[in-house]
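Trainee: Numbering (this note's numbering), first residue to last: 179 to 373. Please find one structure pasted underneath; my questions will follow.
The following block contains the structure:
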């Protein structure tokens, strides 16, 4: 009977230690990262869908600007081809491929907007203006989604490195740090549009 009483202090110490190990919290935070990434992908898809409509609208007015339109279509296809699964969020190279493809698309869109400046009728067309406003709103949504993703990554990465979660992660979960969505190299300078 005395041996049974010796286990009481062990259990009293073990139960609080297990409740504070962060096992569930780390998994919830990883899911928040995956959800935030899905939001980024959804807004990128929305932009891709809007670009197809924008190109068709501009095509009707600017048939002889075929090269610029083709570059936008190719950049859209390239950006749509780069997809990251939740497992790839921990790989720096995968995130870099996505950033590069999205940067190419942004550059092509900038060139398209310069072409549009040459067509006053197009600039006044209500359908075009609506598309342009939707595209601008989508760019803002992409920025918000990226920030939310980075916040979720910050919370998750900090959690798996903080004690006692770091022990739980080392012994049980083996979760990896996730990559932040960073700006492309040279993003600090204004883009140069050339034809």
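Even glycine gets a Cβ: it sits at the ideal position worked out from N, Cα and C.
With a threshold of 8 Å, are at least 3 pairs of Cβ atoms found where one atom belongs to the region 336-356 and the other to the region 223-237?
Mentor: no
Trainee: Going by beta-carbon coordinates alone, are residue 264 and residue 212 separated by less than 8 Å?
Mentor: yes
Trainee: Please report the residue range of the alpha helix (DSSP H) in which residue 375 lies.
Mentor: Any property of residue 375 remains undetermined from this structure, which presents the chain solely from 179 to 373.
Trainee: Rounded to whole angstroms, how far is the Cβ of residue 221 from the Cβ of residue 316, which I believe are closer than 8 Å?
Mentor: 6 Å
Trainee: I'd like the list of long-range same chain contacts for residue 279, defined as Cβ closer than 6 Å, with 5 residues on each side in sequence excluded.
Mentor: So the qualifying residues of the chain are 256, 257, 260.
Trainee: Using a Cβ-Cβ cut-off of 8 Å (strictly less than) and excluding sequence neighbours within five positions of residue 268, which residues of its own chain qualify?
Mentor: 354, 355, 356, 357
Trainee: Can residue 326 and residue 216 be called in contact, C-beta distance under 8 Å?
Mentor: Their beta carbons are not under 8 Å apart, which means residue 326 does not touch residue 216 by this criterion.
Trainee: Buried or exposed: where does residue 209 fall if 16 or more other Cβ atoms within 10 Å of its Cβ makes it buried?
Mentor: exposed
Trainee: Which value, in whole angstroms, describes the spacing of the CA atoms of residue 207 and residue 201?
Mentor: 10 Å
Trainee: What are the boundary residues of the alpha helix (DSSP H) that residue 271 is part of?
Mentor: 270-294
Trainee: Check for me: the alpha helix (DSSP H) holding residue 345 runs from which residue to which?
Mentor: Where residue 345 is concerned, the enclosing alpha helix (DSSP H) stretches over 343-346.
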